[in-house]
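Novice:
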Amino acid sequence: MDRINAIKSFVEVAHLASFTKAAERLGLSRLQVSRHVQELEQWLEQRLLHRTTRKVSLTQQGERALIRFERILNETSALVAESIANKTELSGTIRISSPIGFAQTMLVDAVSQFIAQHPRVKVDIHASDSFSNLVEQRIDIALRYTNTPDESLIARPLLKIGACVCVSLNYLAKHGAPLTPDELTDHPCLVHLNHNQWRFFNDNTRVEVKMAGPLVCNDVTTIVHAAINSAGIAWLPFDIARSYIQQQQLVPILTEYSLEASQLWAVYLSRSYQSPLVRAFIDFLSDSWQQDILPNK
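Count the sequence shown with the working numbering and you get residues 167 to 463, in order.
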């Protein structure tokens, strides 16, 4: 029995809850996948899956085995990736999901460097401020700002990104600036659809302001340009705001308060063990982004 391929078949069936779908993903027949699982069960002398005509589900032993088998496959993938990196040039396609603003700045710079080093690699970037469904959209790596990553996915921390509240100089000249977070409700604020609760910290004090501004948008780049055009006050990730502040197109306000920083994660399905390229790219990002991006740093 080829135990590595048998383990791959079991992991796919466990995740997809279907022998047929697992066979399609692996490029095998349903009979081959079924035989792989049976051979594993015979080897371990325990049933790993409940099978009915309508449903496939894990047994308790199968749940425990899945965790260990995924570790084995990830370790195997790492070993293969190291071997490939030492012997030959990386090649293939990576599909990456990223927030729009981040894709236009730091990600595109990193991708440009990576494909310059590995000219046989192709990168597809899917820029969206909504979380992608990794399975349905066939995403290899999703970059996500969150302090609570999805437990059903493998998540690797990359760096922390701070935030700031900004306005244009023209806005300041006409309307002045709020002196406290509570005064934000007296000003037009530009709100991201996924972030309408702005949190501020000062010493041991935490202030939360629920925003409902005149402009709500699901794209941070649109919010940036609205702020530059003096439409209101914007909460922005600092990696995006930094260049506009340096060019004096935007000015940070409420600087005596700190804003909640977000962790940027690379998240991927456990099945990403199938691509050493995915692991190599995540390693590249981790090595490239070693310093957190925080205001006043």
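Here a beta-carbon is modelled for each residue, glycine too, at the ideal position from N, C-alpha and C.
Below 7 Å CB to CB, which residues in the same chain sit around Val444 once its five sequence neighbours on both sides are set aside?
Specialist: The residue given as residue 444 occupies position 278 in the sequence shown. Ile260, Asp306, Ile307, Tyr434, Ser438, listed in sequence order.
Novice: Any idea if Trp364 is buried or exposed, counting beta-carbon neighbours within 10 angstroms, 16 or more meaning buried?
Specialist: The count along the sequence shown starts at 1 and reaches residue 364 at position 198. When all chains shown are included, Trp364 counts as buried.
Novice: Below 8 Å on the Cβ atoms is my guess for Glu422 versus Asn368; work out the distance and round it to an integer in Å.
Specialist: Numbered from its first residue, the sequence shown carries residue 422 at position 256. Numbered from its first residue, the sequence shown carries residue 368 at position 202. Yes, Glu422 and Asn368 are in contact; Cβ-Cβ is about 7 Å, under 8 Å.
Novice: Grouping DSSP H, G and I as helix and E and B as strand, with all else coil, what is Gln227?
Specialist: Indexing the sequence shown from 1 puts residue 227 at position 61. Correct three-state label for Gln227: helix.
Novice: Between Asn384 and the rest of its own chain, which residues show a CB-CB distance below 6 Å, the 5 nearest in sequence each way excluded?
Specialist: For the purposes of this step, residue 384 is identified with residue 218 of the sequence shown, where counting begins at 1. Within the same chain, Asn384 has close Cβ partners Asp295, Leu359.
Novice: Apart from the five residues just before and just after Ile448, which ones in its own chain have a Cβ nearer than 7 Å to its Cβ?
Specialist: Along the sequence shown, one-based indexing puts residue 448 at 282. Excluding residues within five positions, the ones whose Cβ falls inside 7 Å are Ile307, Arg322, Ala432.
Novice: Within 10 angstroms of the Cβ of Ala231, are there 16 or more other Cβ atoms? Answer buried if so, exposed if not.
Specialist: Reading the sequence shown from its first residue, position 65 is the one you call residue 231. That one is buried.
Novice: Please return the same chain residues whose Cβ sits closer than 6 Å to the Cβ of His202, not counting the five positions on each side in sequence.
Specialist: The sequence position of residue 202 within the sequence shown is 36, counting from 1. The residues are Ala172, Ser175.
Novice: Which whole runs of the beta strand (DSSP E) in the stretch 227-308 are 3 residues long or more, in chain order?
Specialist: Listed in chain order, they are 258-264, 287-293.
Novice: According to DSSP, what are the bridge partners of Val363?
Specialist: Numbered from its first residue, the sequence shown carries residue 363 at position 197. Rather than Val, the amino acid found at residue 363 in this sequence is Gln. Bridge partners of Gln363: Lys376.
Novice: Identify every run of the beta strand (DSSP E) within the stretch 407-449, keeping only runs that are complete inside it and at least 3 residues long; order them along the chain.
Specialist: Listed in chain order, the complete beta strand (DSSP E) runs (minimum 3 residues) inside the stretch 407-449 are 417-419, 428-434.
Novice: Can you tell me the Cα-Cα spacing of Pro461 and Ala343, whole angstroms?
Specialist: Residue 461 sits at position 295 when you count from the first residue of the sequence shown. Residue 343 sits at position 177 when you count from the first residue of the sequence shown. Straight-line Cα distance between these residues: approximately 19 Å.
Novice: Could you check which residue in Val274, Leu402, Glu317, Ala293 has the C-alpha nearest to that of Gly328?
Specialist: The count along the sequence shown starts at 1 and reaches residue 328 at position 162. The shortest C-alpha separation from Gly328 is found at Leu402.
Novice: Can you list, in chain order, the stretches of the alpha helix (DSSP H) that have 4 or more residues and sit fully within the stretch 171-213?
Specialist: Counting whole runs of 4 or more residues, the stretch 171-213 contains the alpha helix (DSSP H) stretches 185-192, 196-210.
Novice: Please state the DSSP three-state secondary structure of Leu111.
Specialist: For residue 111 there is no data in the structure shown, the boundaries of the chain being 167 and 463.
Novice: Taking the straight line between their C-alpha atoms, what separation do you get for Met272 and Val386?
Specialist: Residue 272 sits at position 106 when you count from the first residue of the sequence shown. Residue 386 sits at position 220 when you count from the first residue of the sequence shown. Cα to Cα, the separation comes out at about 14 Å.
Novice: Taking its Cβ as the centre, do 16 or more other Cβ atoms sit within 10 Å of Pro380, making it buried, or is it exposed?
Specialist: Within the sequence shown, numbered from 1, the residue matching residue 380 stands at position 214. The residue is exposed, with fewer than 16 neighbouring Cβ atoms inside 10 Å.
Novice: So what's Lys221 in DSSP terms, helix, strand or just coil?
Specialist: On the sequence shown, position 55 is the one that residue 221 refers to. In this structure, Lys221 counts as coil in the three-state DSSP scheme.
Novice: In or out: Glu178 buried (at least 16 other Cβ within 10 Å) or exposed?
Specialist: In the sequence shown, counting from the first residue as 1, residue 178 sits at position 12. It counts as buried.
Novice: Could you check whether Ser428 and Lys340 sit closer than 9 Å to each other, using their CB atoms as the reference points?
Specialist: On the sequence shown, position 174 is the one that residue 340 refers to. On the sequence shown, position 262 is the one that residue 428 refers to. In this structure, Ser428 does not lie closer than 9 Å to Lys340 by Cβ.
Novice: Under three-state DSSP, which class holds Thr371?
Specialist: On the sequence shown, position 205 is the one that residue 371 refers to. In the structure shown, Thr371 sits in a strand (DSSP, three-state: E or B).
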